[in-house]
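Read through the structure below, which is laid out as C-alpha cells, and then see the notes.
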Amino acid sequence: SKDPNAPRLDPLGALLSIVSLSIILYAIIEAPDQGWGSSGTVTKLVVGLVLLAVFIVWELRTDHPMLDVRFFEKPRFTAAAAAITLVFFAMFGSLFLQTQYFQFVLGYSPLETGIRMLPFAAAMMITAPLSSRVVQRIGTKFTVAIGLGLVTTGLIALTGLQADTPYGNIFWRLMLMSAGMGFTMAPATESVMGSLPIFKAGVGSAVNDTTRQIGGALGVAIVGSVLATTYSDRMGPILSTLPPAASAAGNSIGAAQAIARSLPEQMAGVSTALIAASKSAFVTAMHQGVLVAAAATLLGVVLVLVFLPATARDEELGEQDFEFATEHAGEFPMPASVDLDAPRDPDFGLPHRSGE
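Every number in our numbering is 50 more than the matching position in the sequence shown, counting from 1.
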C-alpha cells in the first residue's frame with residue numbers, strides 16, 4: 051500500500067545533481083587528452099560547477115528538497131560526510147592504481163591480483179568493529195583523525211614501491227592504509243546518522259551512501275587523470291624513437307605492452323626497452339597519484355580535528371528529535387517501538403527500541 055506520508059519527489063533536484071556531477075567527472079577524465087587548461091576542459095568544469103550551484107540554490111528554495119543542504123550547517127554532519135568522501139576518494143583512487151601495478155608492472159594475472167588484494171578487505175573487517183571501543187576511549191574526533199592519518203601514512207608509503215618490489219614489502223603498506231579506513235568509516239558514518247533527528251535517518255543514510263559514491267567516482271577520475279598525464283609525459287622520450295604507429299604506447303601501460311609484444315623478433319631490443327620504459331613511467335605516475343590521494347586524506351585529518359566534535363551530545367540529539375516531532379506532529383507517525391525517553395545506546399547515541 052502507498053505511504054500517505056511519503057515526501058514528494060524532487061525530479062529537478064535529481065536531474066541537476068546527476069547532470070552537474072556527470073559533467074564535472076567527464077571533464078576530469080578527459081583532461082589528460084584535451085589538456086587541463088584547454089577551452090574544452092575549462093568550459094565543461096565551469097558548466098558543471100554552475101549547475102552544481104544551481105542545484106544548491108534549488109534545494110534551499112524548494113519545499114521538498116531531495117537533499118536539505120541546511121544539514122551541512124551542522125559541523126558534525128559536514129565533517130563526518132567530508133571524512134567519508136575523502137576516504138573513499140583515496141580508497142578507489144589507490145585501488146585503481148594498485149590493480150594495474152600488480153598486473154602490468156609485477157606481472158600477476160587478474161586472479162593473482164585479486165588474491166593479493168584480499169587482505170586489504172580483511173584488515174577493514176578487523177578494525178571497523180574495533181573502532182567503537184576506540185571511540186568510547188578517545189572520542190569520535192580523534193578516532194577518525196587517527197584513521198585518516200593511517201590512510202595518509204599508508205598512501206605516502208606506496209611511493210616507495212618500484213618495478214621490482216616484492217609482495218611482502220607491499221603487503222604492510224596496504225594493511226596500514228586498510229586499517230586506517232576501518233577506523234574512519236564506522237565512526238564517521240555514526241556521526242552522519244547521529245547528527246540528524248531520528249526522523250531524518252533516511253536522509254542521513256542517503257547522504258552516507260552518496261558521499262561514498264561521489265568520493266569513489268572523484269577518486270578514480272582525479273587520480274586516474276594524474277596517472278594518465280604523468281605517464282604520457284614520461285613516455286615522451288622513448289616514443290620519439292618509435293614509428294608513429296606506436297604512439298598509442300603513450301596512452302597507457304597496457305597499450306605499451308601490447309605494442310611491444312606485437313613488434314617483430316628483429317626488434318626484440320626495442321620491445322624490451324619499451325616495456326621497461328612503460329613500467330618506469332607507470333611507477334612514477336602511480337607515485338604522483340597516491341600523493342594526490344594522500345593530500346586528500348590529510349585534508350580530511352584537518353577538517354576532522356577542526357570541526358568534528360570529540361563526542362556526540364546525547365542531550366542535543368534528544369532535543370532535535372523532540373523539536374522535529376513537535377513541529378511535524380501528524381506528518382510522520384511515531385513508531386510504536388521507539389521510546390525517545392529511553393536510555394540511549396552508548397555506541398550510536400540513539401534511543402533503544404522497547405524490549406531491548
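Built from N, CA and C at the ideal position, the CB exists for glycine as well.
Query	Result
Met-285 beta carbon less than 8 angstroms from that of Gly-265	no
Stretch pair the segment 127-137 + the segment 235-243: three plus CB contacts closer than 8 angstroms	yes
Straight-line gap, Ile-303 to Arg-183 (C-alpha atoms, nearest Å)	44 angstroms
Residue burial classification, Pro-262 (beta-carbon count within 10 angstroms, cutoff 16)	Pro is not the amino acid found at residue 262; the sequence shown has Arg there. Buried, because 16 or more other Cβ atoms sit within 10 Å of the Cβ of Arg-262.
Minimum C-alpha distance to Pro-287 - residue among Gly-319, Val-97, Leu-66 and Leu-324	Leu-324
Collapsed DSSP secondary structure at Ala-343 in the structure displayed	helix
Straight-line gap, Ala-310 to Leu-66 (C-alpha atoms, nearest Å)	45 angstroms
As assigned by DSSP and simplified to three states, the class of Pro-287	helix
Inter-residue Cα distance where the pair is Arg-58 and Asn-258	21 angstroms
Neighbourhood of Leu-348 by C-beta distance below 7 angstroms, restricted to the same chain and skipping five residues each side	Thr-202
For Ser-245, the three-state DSSP class (helix, strand or coil)	coil
Secondary structure of Asp-83, DSSP reduced to three states	helix
Residue closest to Thr-177, alpha-carbon to alpha-carbon, out of Lys-250, Ile-196, Ala-318 and Ile-165	Ile-196
Cβ contact check for the segment 265-277 and the segment 313-324: 3 or more pairs under 8 angstroms	no
Buried or exposed (CB count within 10 angstroms, at least 16 for buried), Gln-316	exposed
CA nearest to the CA of Phe-152, picked from Leu-101, Met-175, Phe-221 and Met-174	Phe-221
Cβ neighbour criterion (16 or more within 10 Å) applied to Arg-223	buried
Three CB pairs or more closer than 8 angstroms across the segment 333-347 and the segment 135-152	yes
Contained alpha helix (DSSP H) runs [length at least 4] in the segment 192-248, N- to C-terminal order	217-244
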